[in-house]
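Asks: Numbering (the numbering used here), first residue to last: 79 to 436.
Ideal Cβ positions, reconstructed from N, Cα and C, are used throughout, including at glycine.
No experiment lies behind these values; they were computed from the predicted model shown.
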Amino acid sequence: MDSVDEEARLLVNDAPISAPVNYTRDVHVLSFAFLLIFLAYGAAQNLESTVNTEEDLGTTSLGILYLSFTFFSLVASLVVRALGTKNALILGTTGYWLFTAANLKPTWFTMVPASLYLGFAASIIWVAQGTYLTSTARNHARKNGLHEGTVIGNFNGEFWGVFASHQVIGNIISLVVLKDEAGGSTNGTTVLFLIFLCVVTLGIVLMWFLRKEDSKEEEPSLSSSSLRSSILSLSKSVVAPLADRRMILTIPLIAYSGLQAAFVWAKFTKQVVTPSLGVSGVGGAMAVYGAADAVCSLVAGRLTSGLPSITFLVSGGAVIQAVVLFGFYWGRAKHLAPYTCFLYRPFWELVMEFLTPS
């Protein structure tokens with residue numbers, strides 16, 4: 079019996095001790111890669127309806143982009159599972175690079191294909207981002223003996239904290255580059271999109287430094303039978319919520335959220351900001367929006383916790399209609415137009431932040 083115990087002790091002593099692995103580097107890399115890519119894309123998106131005005135090319139391109147994004151989101155999880163999360167992240171970044179490059183020569187033959195492809199790329203990059211961040215947090219918690227929920231919260235907090243600054247930084251770059259260009263001349267916008275293209279390229283390079291997923295965490299490859307079962311399961315998960323009465327009742331709110339975003343990107347920048355402040359003013363106004371977005375997200379998160387959702391849905395709806403009515407008045411009063419650009423959007427964002435989490 080003693081010899082058996084001694085042998086067991088020797089085996090334990092000889093077993094390799096797994097050292098703690100720090101995965102925070104991957105969170106830093108992922109956060110700043112997304113910051114670089116989206117500060118360029120976010121600012122470019124804000125300028126689309128203002129810069130690409132011929133036959134509403136910019137507005138149409140955004141419509142095609144988000145229609146494509148909606149469609150491909152239904153199958154994005156299957157693509158990410160087949161490619162692996164790191165490969166899906168890298169592939170997803172190529173859509174943002176192509177869209178930014180297309181703005182250097184904006185025509186129907188460049189913008190429409192780029193918008194279609196970006197819709198696909200955006201769908202897989204966001205699925206891959208959530209999968210990679212959660213997987214990384216779980217690995218970090220398991221290998222360092224930490225509470226999994228706490229690590230997931232910390233990693234998500236860092237990512238979204240860094241990501242929230244993309245609107246501010248990107249639009250300040252737009253303001254600085256375009257401020258001396260009368261009406262946003264071709265030369266000014268060309269330089270701006272070249273800068274954005276370099277920034278997106280740097281973000282793509284950063285993505286390559288991400289650690290590949292642990293083999294234990296990777297999804298099994300898709301065989302033909304598992305692909306069929308995955309598609310069937312996906313179809314059920316898409317249709318099932320439509321049988322829930324609460325989901326049906328939230329559809330108008332979802333539609334309203336989409337319409338207000340389209341209004342800001344397509345009409346507000348083109349018909350409110352540009353006539354008052356010029357093309358460069360779009361960057362300044364949307365930088366204020368980015369700052370308001372970050373602050374309002376924090377405020378709304380604290381104020382909406384523990385209170386009935388219906389309270390914020392009703393009061394938020396009433397306030398946002400008041401903001402719209404003030405917007406009509408400000409739009410008619412030319413002496414108030416510059417203030418409209420900087421005050422209207424933050425008030426709108428505050429109310430939308432209350433409505434969305436509710």
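Return helix, strand or coil for residue 236, following the three-state DSSP convention.
Replies: Stepping through the sequence shown from its first residue, residue 236 is reached at position 158. Residue 236: helix per DSSP, three-state reduction.
Asks: What distance in whole Å lies between the Cβ atoms of residue 192 and residue 176, which are believed to be in contact at a cut-off of 8 Å?
Replies: Position 98 of the sequence shown, counted from the first residue, corresponds to residue 176. Position 114 of the sequence shown, counted from the first residue, corresponds to residue 192. At roughly 5 Å, the Cβ-Cβ gap stays under 8 Å, so residue 176 and residue 192 are in contact.
Asks: Among 209, 143, 140 and 130, whose alpha-carbon lies nearest the alpha-carbon of residue 290?
Replies: The residue labelled residue 290 in the question sits at position 212 within the sequence shown. If we check each option's Cα against that of residue 290, 209 comes out closest.
Asks: Just to confirm the assignment, what range does the alpha helix (DSSP H) spanning residue 174 have?
Replies: For the purposes of this step, residue 174 is identified with residue 96 of the sequence shown, where counting begins at 1. 163-180 is the span of the alpha helix (DSSP H), which, as asked, contains residue 174.
Asks: Alpha carbons only, please: which of 245, 230, 152 and 248 is nearest the one belonging to residue 310?
Replies: Position 232 of the sequence shown, counting from 1, holds the residue named residue 310. Closest option to residue 310, Cα to Cα, is 152.
Asks: With a cut-off of 8 Å on the beta carbons, I'd call residue 172 and residue 115 a contact; round off their distance for me.
Replies: Here residue 172 corresponds to residue number 94 of the sequence shown, with the count starting at 1. Here residue 115 corresponds to residue number 37 of the sequence shown, with the count starting at 1. Contact doesn't hold; Cβ gap of about 11 Å is too wide.
Asks: Can residue 118 and residue 277 be called in contact, C-beta distance under 8 Å?
Replies: Sequence index remark: in the sequence shown, residue 118 carries index 40 (1-based). Sequence index remark: in the sequence shown, residue 277 carries index 199 (1-based). Yes, these two residues count as a Cβ contact at 8 Å.
Asks: Pop quiz: residue 369 and residue 246 are said to be a contact at Cβ under 8 Å. What is the actual Cβ separation, rounded to whole angstroms?
Replies: The sequence position of residue 369 within the sequence shown is 291, counting from 1. The sequence position of residue 246 within the sequence shown is 168, counting from 1. The pair is a contact, with the Cβ atoms about 5 Å apart (cut-off 8 Å).
Asks: In terms of residue numbering, what span does the alpha helix (DSSP H) encompassing residue 126 cover?
Replies: Numbered from its first residue, the sequence shown carries residue 126 at position 48. 102-129 is the span of the alpha helix (DSSP H), which, as asked, contains residue 126.
Asks: Do the stretch 269-289 and the stretch 179-192 touch if we need at least three Cβ pairs shorter than 8 Å?
Replies: yes
Asks: Suppose the cutoff is 6 Å on Cβ atoms and the five residues either side in sequence are ignored; what does the same chain contact list for residue 251 look like?
Replies: On the sequence shown, residue 251 is found 173 positions in, with the first residue counted as 1. The same chain holds no residue with a CB closer than 6 Å to that of residue 251 once the five nearest residues on each side in sequence are set aside.
Asks: Is the beta carbon of residue 109 closer than 8 Å to that of residue 237?
Replies: Along the sequence shown, one-based indexing puts residue 237 at 159. Along the sequence shown, one-based indexing puts residue 109 at 31. Closer than 8 Å, so yes.
Asks: Just to confirm the assignment, what range does the alpha helix (DSSP H) spanning residue 253 have?
Replies: In the sequence shown, counting from the first residue as 1, residue 253 sits at position 175. That run of the alpha helix (DSSP H) goes 244-256.
Asks: Straight-line CA distance for residue 202 to residue 282?
Replies: Taking the first residue of the sequence shown as position 1, residue 202 is located at position 124. Taking the first residue of the sequence shown as position 1, residue 282 is located at position 204. Their Cα atoms are separated by approximately 15 Å.
Asks: Does residue 235 pass the burial test, meaning 16 or more other C-beta atoms within 10 Å, or should it be called exposed?
Replies: Your numbering for residue 235 matches position 157 in the sequence shown. By the 10 Å Cβ count, residue 235 comes out exposed.
Asks: Hey, would you say residue 206 sits closer than 8 Å to residue 158, going by beta carbons?
Replies: What you label residue 206 is simply residue 128 of the sequence shown in a count that begins at 1. What you label residue 158 is simply residue 80 of the sequence shown in a count that begins at 1. Yes.
Asks: Exposed or buried, residue 163, counting other C-beta atoms within 10 Å across all chains shown (16 or more means buried)?
Replies: Sequence index remark: in the sequence shown, residue 163 carries index 85 (1-based). Buried is the call here.
Asks: Can you give the Cα-Cα distance for residue 126 and residue 225, rounded to whole angstroms?
Replies: Here residue 126 corresponds to residue number 48 of the sequence shown, with the count starting at 1. Here residue 225 corresponds to residue number 147 of the sequence shown, with the count starting at 1. Between the C-alpha atoms of residue 126 and residue 225 there is a straight-line separation of about 44 Å.
Asks: Return helix, strand or coil for residue 225, following the three-state DSSP convention.
Replies: Position 147 of the sequence shown holds residue 225. Coil, per DSSP.
Asks: So the alpha helix (DSSP H) residue 185 belongs to, where does it begin and stop?
Replies: Numbered from 1 along the sequence shown, position 107 holds the residue referred to as residue 185. Where residue 185 is concerned, there is no enclosing alpha helix (DSSP H), given that its DSSP letter is neither H nor E.
Asks: Compute the distance between the beta-carbons of residue 121 and residue 248, then report whether it is under 8 Å.
Replies: Position 43 of the sequence shown holds residue 121. Position 170 of the sequence shown holds residue 248. Going by C-beta atoms, residue 121 is nearer than 8 Å to residue 248.
Asks: Do residue 196 and residue 174 have their C-beta atoms within less than 8 Å of each other?
Replies: The sequence position of residue 196 within the sequence shown is 118, counting from 1. The sequence position of residue 174 within the sequence shown is 96, counting from 1. Yes; because the gap between Cβ atoms is below 8 Å, this pair is in contact.
Asks: Any beta carbon of chain C sitting closer than 8 Å to that of residue 142?
Replies: Within the model displayed, chain C is absent; a lone protein chain is all it includes.
Asks: So, for residue 233: in the same chain, excluding its five sequence neighbours on each side, which residues have a beta-carbon less than 7 Å away from its beta-carbon?
Replies: As a working mapping, residue 233 is identified with position 155 in the sequence shown. If we look at residue 233 and ignore the five residues flanking it on each side, its Cβ neighbours are 105, 211, 214 and 215.
Asks: Where does residue 149 sit, in a helix, a strand or coil, going by DSSP?
Replies: Indexing the sequence shown from 1 puts residue 149 at position 71. In this structure, residue 149 counts as helix in the three-state DSSP scheme.
Asks: In this structure, does DSSP put residue 134 in helix, strand or coil?
Replies: Translated into positions along the sequence shown, residue 134 becomes position 56. Helix.
Asks: According to DSSP, is residue 99 helix, strand or coil?
Replies: By one-based count along the sequence shown, residue 99 stands at place 21. In this structure, residue 99 counts as coil in the three-state DSSP scheme.
Asks: Given that a residue counts as buried once 16 or more other Cβ atoms are within 10 Å of its Cβ, and exposed if not, what is residue 325?
Replies: Here the question's residue 325 lines up with position 247 in the sequence shown. Flag for residue 325 reads exposed.
Asks: Have a look at residue 101 and residue 221 and give me their C-alpha separation to the nearest angstrom.
Replies: Here residue 101 refers to the residue found at position 23 when the sequence shown is read from its first residue. Here residue 221 refers to the residue found at position 143 when the sequence shown is read from its first residue. Looking at the two C-alpha atoms, the distance is approximately 10 Å.
Asks: Using a 10 Å radius around the Cβ and a threshold of 16 neighbouring Cβ atoms, would you call residue 129 buried or exposed?
Replies: Counting from one through the sequence shown, the residue named residue 129 turns up at place 51. By the neighbour-count rule (16 or more Cβ atoms within 10 Å), residue 129 is buried.
Asks: Would you say residue 169 and residue 199 are within 8 Å of each other, going by their C-beta atoms?
Replies: Working through the sequence shown from its first residue, we reach residue 169 at position 91. Working through the sequence shown from its first residue, we reach residue 199 at position 121. Yes, they are a contact pair.
Asks: Which residues in the same chain have their Cβ closer than 6 Å to the Cβ of residue 131, if we skip the five residues on either side of it in sequence?
Replies: Translated into the one-based positions of the sequence shown, residue 131 becomes position 53. For residue 131, where only same-chain residues beyond five positions count, there are no Cβ hits under 6 Å.
Asks: Under a three-way DSSP split, which group does residue 288 fall into?
Replies: Numbered from its first residue, the sequence shown carries residue 288 at position 210. Three-state DSSP puts residue 288 in coil, outside helix and strand.
Asks: Among the candidates 285, 366 and 339, whose CA atom is the shortest distance from the CA of residue 42?
Replies: Missing from the structure shown is residue 42; the chain here goes from 79 to 436 and no further.
Asks: Could you tell me how far apart the beta carbons of residue 364 and residue 124 are, in whole angstroms, since I believe they sit closer than 8 Å?
Replies: In the sequence shown, counting from the first residue as 1, residue 364 sits at position 286. In the sequence shown, counting from the first residue as 1, residue 124 sits at position 46. Between residue 124 and residue 364 the Cβ distance is about 5 Å, and since that is below 8 Å, they are a contact.
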